Amino acid sequence: MDHVILKNVTKTFVTKAFGKVTAVNNVNLNIKEGECFSFLGPSGCGKTTTLRLIAGFEDLSSGEIWLGDQPVSIKNKNFYLPPEKRGLGMVFQAFAVWPHLNVFENVAFPLRILKKEKSVVLDKVKQALKHTNLSGLEEKFPAELSGGQQQRIALARAIVTNPKVLLLDEPLSNLDPKLREIMRFEIKDLQKKFNFTIVYVTHDQTEAMALSDRMLVMDMGVIQQIDTPTNMYNNPRNKFVYGFLGLSNFLKVNLSDGKVYPVGSDGVSIDCTIPVDFSEDQAILASRPNEIDLLPEGGYPARIKSRLFLSDYIEYRVDVGQTEIRIQSYEDKGFKDGDLCGVKFNRLKWYSAKEEISEAERERRKVI
Amino acid sequence: MRTSKLRGKNELRKLDGFKFDTGQILLIISVAILIVTVALPMLMIIYNVFFYKWSFDWKLFAQMLTDPDNLMAMWNTIKIAFFVTALGTLVGLFFAWLIGRSDIPLKGLMKSLFVVPYMFPPFIGAMAWGLLLSPRSGYINKLFMSLTGGRTPLFNINSLAGIVFVEICYYFPFVFIQVSSALERMDPTLEESARIAGANQMTVIRKITMPLVVPAIAAGAMLILISSLSHFGVPAILGFSRNIFTLPTKIYELIYRSAGSFEGIRRGASLSVLLVIVVVLALALQRRLLQAGHYDIIRGKSMRPMLIKLRRFKIPMLVICLLFLGIIVVLPLFIIFAVGFLKAYGLPLKLENMTVENFKNVLFVSKMARDAIKNSFFLSISAGIITMLVGTMIAYVIVKIKPKGKGILEVLGLLPYSIPGIVLAVGVILTWSGALHINLYNSIWIILIAYIARYMAFSLKSASASLEQVHNSLEEASRSCGASHFESLLDVTMPLIRPGMVAGFFLIFLPSMRELTTSLLLYGPFTRTLGVAIYSINEEGNTVQACALAGVTILIIIAGEFILRLITRERKGR
């Protein structure tokens, strides 16, 4: 069964400085029960706004949102359920634990609102604290605890009422890298235990891929792709998604007579086949730095511009035509700065050269 | 590596060949200035009250304390301060919440209008309200009586309730400003996470928002409490004619009635001690009541806070706000200028009764008024410059040099903040009229000294704030380039805090321009200030000229505020 359903959801803001900005543009989405679903994208892409629309902190400009078979926002019927009536759990980036309440009272808050009996409150809070490894800290105040512990309080508070849907808004980005990894596993474990439907907002692609069953990549308020992490990584639908999912080289090429010439290449072509369905005379070839080989001879001729030793791999910078590309090599073949070499692309993705979004529009969206 | 063995600072200094470094010199100068301007007057009060000819003598204090008149004044002071603090806090809180968290329109306009009373001299406000609501001759009361045909006025402003009302008008912004800024800084997700947890808007306000702004409320309420307890202008203007005294007005009356005799000043000093005791006790009590924790509520990722939709209350609330602003801001301003233009007091406010004579008179003819304008400008500008420079120096010692005795500096510098102006004036009289073989009494310098002591805390706070923004590494970088400590201070730190210093100057200049309390005790025949001149002209019964001069004062203050705004806006822009 679908648990979170968005139909034609659009949200526009009117700002004084920048006029009308469409933060979320005609989003359609079905998140399944028990699924961990991530929204991935750069800042200002509309992912957080979409989450806040689901939570009910913003009202829609048009469209509908349903939680299971219950509508929570239907714009053209002017129906809108306030956040407190939606029965969700949510964790925020800045923790949002209340500094005037101790750990116990922070976690007990949702239960107190529901006017639960004392013994029930005691029991449920104890359980929630146990699941988030906070047992024994009941009497502490948030200011006495570390960032990781504070975020655990927020997590405990979100799960204490055992909600069906858990919304997580960049919950780990205020933590240091080591802690982030630990918490990632803890969240995954909690989901396995309680089978929540999780909607997870992040700008960190490894986090999204590690956690999600399915994910989406958003840009400029529009969903670019919805897929499983593996499919998404292996078959990014456009250049933006490709670039967002990992380190990437984008090589602009001209096509003529079935040959592929990098821009500024003096008539030397790359040895590769043009996909049958590609009919434009320019293309962007996308590749990952670790999917390119450096050869002593053969391949596309190039010169090593710089070599960096980075312990588990070596990174080279090489010019292909006029484009500088990065190559990561796990074995040291003895190349030095200035050496001649050959470049061999093992996997190339072909994208149209026409889809470029103006940087000005991107800047304008940063305000929302 | 010879120097690495010379660990101690002293050994390094010996190497330099200097006995003192810049920091120590600054520390010594700072302590000396604060002792002379702040500590000495306080000590002189205590000495003169409890010692007579070098022997302990508490008879005077006991005698003052058992006088029913003085007890009555003390009781009035406490009553007024209690109601002003309680009601002023509620008013400030209500409007701060309305503007910070609801979708009421015209927020920008209202925000700037709500802080207007903050810069308006309360004693001029009291004069205005006297003109409007004094029982027999107040314009509103006259209108009311002619409408009802009765002889009972609508409201008698010359009463405790009237004093409380006027003080609330001028002191509620303390809470308003504190709470507004706390609400602005608060991370909106603190409130949102409570909504998600199932709490409705009212519960969120009650359980999350309110507890989190308690520290801001406490800070604002404390300012109201201190200000009201030590306030002189409003009870003086509204209370004297009805024999309603508070401790500050009683102190003035004792000294004034004895025509400045030593005995009178000693009596005034005794009451001053009593007043300070009351202030300290009230502060302690308030701190007990509002156990103010310090919460870190600074926002994280910024999102607009969810505004509460007032729906059908939107228009009524807007009307309440505008009406309130009209009453506390526009009405007094209007009546001061209207009466200032009147040919004679008591005439109806009609265009044919208007003239510019009064303004001409105070600006060009009356020697007293012209002297007052000159004196006030001289005092405000020199107090502004001196206090700003000294305050910056002391702040530099406290914030950057951090010597061992910096606690003393902080206490001494911020002490005048909670010492009532009238008490400071008594202390200054006792110190500088011959007791130490320096007699400045009746000269303008004694007022200058009092202003410097009184506003040192303002300067200290503003300079500390801008110095804390200048990271230590900037000065260290300059010293690593070969500049001495003093050169670094002059070439790096000073230019960086210059805008803050200019703002600091206006923070002293403006209150000095409207100062009444200390000047009224310290002025001599030729050293009236604007406040004193307005007060004396008003007491003489020349209401129209008093209003004209008050109008001029308000215009000067508005101009100063405007310049201050321009400066601070520029600072934010950078």
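Protein chains in written order, with my numbering: chain F, 1 to 368; chain V, 1001 to 1574.
Positions of the beta carbon are idealized from the N, C-alpha and C atoms, including for glycine.
This one's a predicted model, so the numbers in the text were calculated from it and none came from an experiment.
Check                                                                                                                   : Outcome
Integer Cβ distance of T374 of chain F from D213 of chain F, believed to fall under 8 Å                                 : With chain F represented from 1 up to 368, any question about residue 374 of chain F goes unanswered, as that position is not in the structure.
Neighbour-count burial assignment, F1364 of chain V, 16 or more Cβ in a 10 Å radius                                     : exposed
Same chain only: Cβ atoms within 6 Å of P1121 of chain V, ignoring 5 sequence neighbours per side                       : R1514
Residue range of the unbroken beta strand (DSSP E) whose run includes M90 of chain F                                    : 89-91
Any 3 or more C-beta pairs closer than 8 Å across the segment 1064-1072 of chain V and the segment 1212-1232 of chain V : no
Reduced DSSP category for R1574 of chain V - H, G, I as helix; E, B as strand; rest coil                                : Any reading at R1574 of chain V is ruled out, since the residue's pLDDT is 39, under 50, leaving its predicted position unreliable.
Continuous alpha helix (DSSP H) stretch holding S1382 of chain V: start and end                                         : 1367-1396
Inter-residue Cα distance where the pair is A96 of chain F and M1210 of chain V                                         : 16 Å
Residue from V:A1282, V:F1094, V:G1149, V:H1437 with nearest C-alpha to S1180 of chain V                                : V:F1094
Residue-chain proximity (F79 of chain F, chain V), Cβ-Cβ < 8 Å                                                          : no
Per DSSP, cross-strand counterpart(s) of A302 of chain F                                                                : F:C341
Rounded Cβ spacing between L1521 of chain V and Y1252 of chain V (contact assumed at less than 8 Å)                     : 6 Å
Partners in chain F for P1211 of chain V, counting only beta-carbon separations shorter than 7 Å                        : H100
Neighbour flag for R157 of chain F against chain V, beta carbons, 8 Å                                                   : yes
Neighbouring residues, chain V, relative to I113 of chain F (Cβ below 8 Å)                                              : A1197, G1198, A1199, T1203
Cross-chain neighbours of P42 of chain F in chain V, by beta carbon under 8 Å                                           : None at all; the shortest Cβ gap to chain V is about 14 Å.
P275 of chain F versus F:A94, F:A283, F:V21, residue with shortest Cα-Cα distance                                       : F:A283
Any chain V beta carbon closer than 8 Å to F109 of chain F                                                              : yes
Burial state of P1041 of chain V, where buried means 16 or more other Cβ atoms lie within 10 Å                          : buried
Member of V:P1499, V:S1159, V:R1136, V:N1158 whose CA lies at the smallest distance from the CA of G1150 of chain V     : V:R1136
Among V:I1025, V:G1326, V:V1339, nearest to M1354 of chain V - alpha-carbon criterion                                   : V:V1339
8 Å Cβ cutoff, P171 of chain F in contact with chain V                                                                  : no
Where E1193 of chain V sits in the DSSP three-state scheme                                                              : Per the sequence presented here, residue 1193 of chain V reads as Ser, with Glu not at that position. Note: S1193 of chain V maps to helix in three-state DSSP.
Whole runs of the alpha helix (DSSP H) within the segment 164-212 of chain F, excluding any shorter than 4 residues     : 177-194, 205-211
Proximal residues of chain V, C-beta to C-beta of M218 of chain F below 8 Å                                             : Going along chain V, no residue has its Cβ under 8 Å from M218 of chain F, so there is no contact; the nearest lies around 17 Å.
Residue closest to K239 of chain F, alpha-carbon to alpha-carbon, out of F:A353, F:L114, F:K178                         : F:A353
CB contact flag (L1160 of chain V, I1080 of chain V, <8 Å)                                                              : yes
Beta-carbon spacing of N249 of chain F, P289 of chain F below 8 Å                                                       : yes
Where M1186 of chain V falls: helix, strand or coil (DSSP)                                                              : strand
Interface flag, E117 of chain F vs chain V, CB-CB below 8 Å                                                             : no
Where A283 of chain F meets chain A, residues with beta-carbon distance less than 7 Å                                   : The chain labelled as chain A is not found among the protein chains of the depicted structure, namely F and V.
Rounded straight-line distance, which links the Cα of L1414 of chain V to that of V1279 of chain V                      : 15 Å
Backbone CA spacing between C45 of chain F and R1569 of chain V [nearest angstrom]                                      : 32 Å
Nearest to S1488 of chain V (by Cα), restricted to the options V:V1356, V:H1471, V:G1500                                : V:H1471
Top-ranked residue by Cα proximity to Q70 of chain F, from F:G246, F:S61, F:K85                                         : F:K85
Bounding residues of the alpha helix (DSSP H) (the contiguous stretch that carries K1461 of chain V)                    : 1444-1469
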